[in-house]
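So that you can map any letter, position 175 of the sequence shown is 175 in the UniProt record's numbering, and since no number is skipped, the others follow by simple counting. No residue lacks a Cβ here, since even glycine has one placed at the ideal position from N, Cα and C. Structure record follows, encoded as structure tokens.
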Amino acid sequence: MVETLSIAVIGAPGVGKTSIIRQFIYNDFSEVYTPTRSRYVYRPSVILNGSMYDLKILDVPPISSFPASSSQEWMDLRCRGVRNANAYILVYDICCVESFEYVKMIRQQIVEHREGSSHEVPILVKTWKCGYVECSAKFNWHVTLLFKELLGIAVARGLRQNHTSIRLQGALQRNRCSVM
């Protein structure tokens, strides 16, 4: 049976969330910025260590806050499926303090409002206790690594079965970067 992993990609406007996803799935980068206005779901399949996984990648437009409850999630079409994601990629531009502040706010709200107890969330590294990958969608640098690391951690921790979250922030490029 093929396992499914739901990944929510969240970040401030213009940080490259869609570019990272499209580079990973289609090996494509557009120089033209088109703002994401509504949630979009990508469903690629990947093979890691000989096992196949179906990914459900949620490209989430900028949201004012992480949904505090299931009812709040369903009231805002942009947020549907975000609370139940198995993993989060929080994207910010390393050249833009405001985008990092946005990610900090969303990360704190995920910790506070995520279903399941906080002791179920694995400790990955110091500070935010998250993984970090700097990547460039424009130059296709470390984009595959970002998703490979994410999937590897999820599989190693058994998260696809437990439905607990991995909090990752992602990085884009020197001009426009994010935190995995």
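**Asked** What is the DSSP secondary structure of residue 16, reduced to helix, strand or coil?
**Response** coil
**Message:** I'd like the span of the beta strand (DSSP E) that includes residue 6, first residue to last.
**Reply:** 3 to 11
**Asked** Can you give the Cα-Cα distance for residue 52 and residue 88, rounded to whole angstroms?
**Response** 20 Å
**Request:** Go ahead and pull the three-state DSSP assignment for residue 182.
**Result:** Not covered by the structure: residue 182. The range shown for the chain is 1 to 180.
**Message:** Distance check for residue 1 and residue 8, CA to CA, integer angstroms please.
**Reply:** 23 Å
**residue 138 - DSSP class collapsed to helix/strand/coil** = coil
**Message:** Taking the straight line between their C-alpha atoms, what separation do you get for residue 186 and residue 111?
**Reply:** It is not possible to answer for residue 186, since the shown part of the chain is limited to 1 through 180.
**Item:** Close Cβ partners of residue 15 (< 6 Å) along its chain, the five nearest in sequence each way excluded
**Value:** 91, 92, 93, 99, 178
**Request:** Kindly list the residues whose CB is nearer than 8 Å to the CB of residue 181, restricted to its own chain and excluding five residues on each side of it in sequence; keep chain order.
**Result:** With the chain covering 1 to 180 only, the question about residue 181 has no answer from this structure.
**Message:** If you measure between the beta carbons of residue 48 and residue 151, is that distance less than 8 Å?
**Reply:** yes
**Request:** Identify which residue in 56, 4, 66 has its Cα closest to the Cα of residue 25.
**Result:** 56
**Asked** Whole-angstrom Cβ separation of residue 86 and residue 154, contact assumed at under 8 Å?
**Response** 6 Å
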